[in-house]
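Just below is one structure, and these are the notes that go with it.
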Amino acid sequence: MRRDPLTGDWIPMAAHRMNRTFLPPADANPLGPARPGATYQDGEIPDTDYDVVVFENRFPSLLEVPGVSNAETHPDGQDLFCERPANGRCEVVCFGPDLHTNLVSMGPQRMQTVIAAWADRTAALSALPQIKQVFVFENHGEDIGVTLSHPHGQIYAYPYLTPKTAAMLRQARALGQKTGDPEVNLIASVRDAELQAGTRVVAENAHWVLYVPVAARWPIEFHLVPRRIVPDFAALDAAQREALADIYLKMMIVANHFHREPARGEDAQPGAYLPVNYISAWHQAPVSPADGRDQLGLHCEFFSFLRAPGKLKYLAGSESGMGAWISDTTPEKIATRARQAARECVELDAFAGLDYPTTFR
């Protein structure tokens with residue numbers, strides 16, 4: 001990986017990913033259970049069935065290479081240019097054996113198993129000496145860039161702090177200076193401010209709060225934050241995990257009822273709901289206290305590119321070229337529609353099987 005001399009960001013170079021598996025047919029699905037006689041015999045899971053399974057990514061962006069020095073070198077002999085091995089880990093988490101399903105349809109028990117897997121792998125990866133941060137995420141849908149349609153997520157263990165985390169740490173330090181409390185936790189402070197405002201809170205239960213952030217970037221965007229701040233999945237207790245399984249699935253169900261096909265004709269009723277493509281990004285605190293572990297904490301940033309039926313939010317000149325985001329809506333409108341969608345979900349019994357007491361505003 002090389003460091004951008006203009007921004008200081010580390011950029012892993014993973015040219016082998018150009019040839020990774022791309023939208024294979026169902027009988028050539030490398031994430032499915034082994035099937036006797038299947039076209040694809042080089043799958044990742046050598047069993048005919050499974051619940052949740054984790055393995056290393058065959059096309060990793062970050063990779064541990066035994067015996068390779070982590071020393072920094074200078075490409076082209078230029079001191080301004082820095083390079084070192086992208087000595088991290090990339091893992092895949094398969095949520096279930098069935099290609100034609102998703103987390104929502106699997107239910108809360110399977111969701112708790114997934115959470116347990118996230119916690120187990122977070123603890124194991126955090127123990128690796130070179131790892132600075134562990135990131136759990138799910139890309140869902142071809143519009144997001146998914147190349148394997150099997151229900152799965154990923155885990156990246158970075159040997160550096162990501163730009164997003166570095167920015168949040170700067171904000172945490174600024175908040176500490178403003179309040180005179182250098183130990184202040186940024187995630188807890190923002191959550192408390194959102195609860196006090198109440199304007200964008202969508203749902204809550206005994207252990208978690210779901211809201212649209214005050215400066216939401218995406219057409220659909222939710223933040224999910226625990227009431228008891230923890231650094232990572234490994235620190236969640238049993239009660240937090242149970243409550244998370246419920247509110248997390250309900251959040252995704254609401255997102256899938258956010259948009260509807262437009263009504264056609266004067267007396268026509270609104271059309272079908274449109275399940276959304278999304279990214280679910282689980283931020284965890286840095287591994288080391290020296291890197292600001294106590295100033296941040298576990299939280300989910302869930303967002304979709306779909307701004308209207310058939311219309312996506314594209315990251316064009318301002319966003320991609322300058323990192324200057326332009327939102328096409330307001331956080332308050334997102335929250336209002338999310339609450340309305342939640343009421344529609346109740347009327348449709350879309351939360352069936354999710355019995356933990358989670359309250360929508």
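Position 295 of the sequence shown, counting from 1, maps to 295 under UniProt numbering, and the rest follow consecutively.
Heads up, the beta-carbon is just placed ideally off N, CA and C, and yes, glycines get one too.
Just so it is clear, the structure is predicted and the values come from calculations on it, not from any experiment.
- Apart from the 5 residues on each side of it in sequence, residue 354 sits with its Cβ closer than 7 Å to the Cβ of 108, 246, 249 and 250 in its chain, given in chain order.
- Per DSSP, the continuous beta strand (DSSP E) segment holding residue 304 begins and ends at 299-304.
- Taking the C-beta atoms as reference points, residue 169 is found no nearer than 7 Å to residue 133.
- Less than 7 Å separates the beta-carbon of residue 331 from that of residue 200.
- Of the candidates 212, 185, 184 and 181, 212 places its Cα closest to the Cα of residue 195.
- No alpha helix (DSSP H) of 4 residues or more sits fully in the region 41-89.
- Residue 58 and residue 45 have their alpha carbons spaced roughly 12 Å apart.
- Ranking 121, 74, 87 and 61 by CA distance to the CA of residue 52 puts 121 first.
- Rounded to whole angstroms, the gap between the alpha carbons of residue 197 and residue 50 is 44 Å.
- Our two residues, residue 193 and residue 334, have alpha carbons roughly 18 Å apart in a direct line.
- Bounds of any alpha helix (DSSP H) do not take in residue 314, whose DSSP letter is neither H nor E.
- DSSP lists 203 and 224 as the bridge partner or partners of residue 210.
- If you draw a straight line from the Cα of residue 81 to the Cα of residue 243, it comes to about 47 Å.
- When 130, 144 and 322 are compared, the shortest CA-CA separation from residue 62 is found for 130.
- In chain order, 137 and 301 place their CB closer than 6 Å to the CB of residue 281, counting only its own chain and leaving out the 5 sequence neighbours on each side.
- Membership of residue 14 in any beta strand (DSSP E) is not indicated, and neither H nor E is assigned to it by DSSP.
- Assignment of residue 217 by DSSP, reduced to helix, strand and coil, places it in the coil class.
- One Cα belongs to residue 147, the other to residue 204, and the distance between them is close to 34 Å.
- With a 10 Å radius around the Cβ and a threshold of 16 neighbouring Cβ atoms, residue 172 comes out buried.
- Counting of Cβ neighbours within 10 angstroms places residue 228 among the exposed residues, the total staying below 16.
- Looking from the CA of residue 100, the closest CA among 29, 118 and 75 belongs to 29.
- Between the beta-carbon of residue 117 and that of residue 234 there is about 11 Å, and that puts the pair past the 8 Å contact cut.
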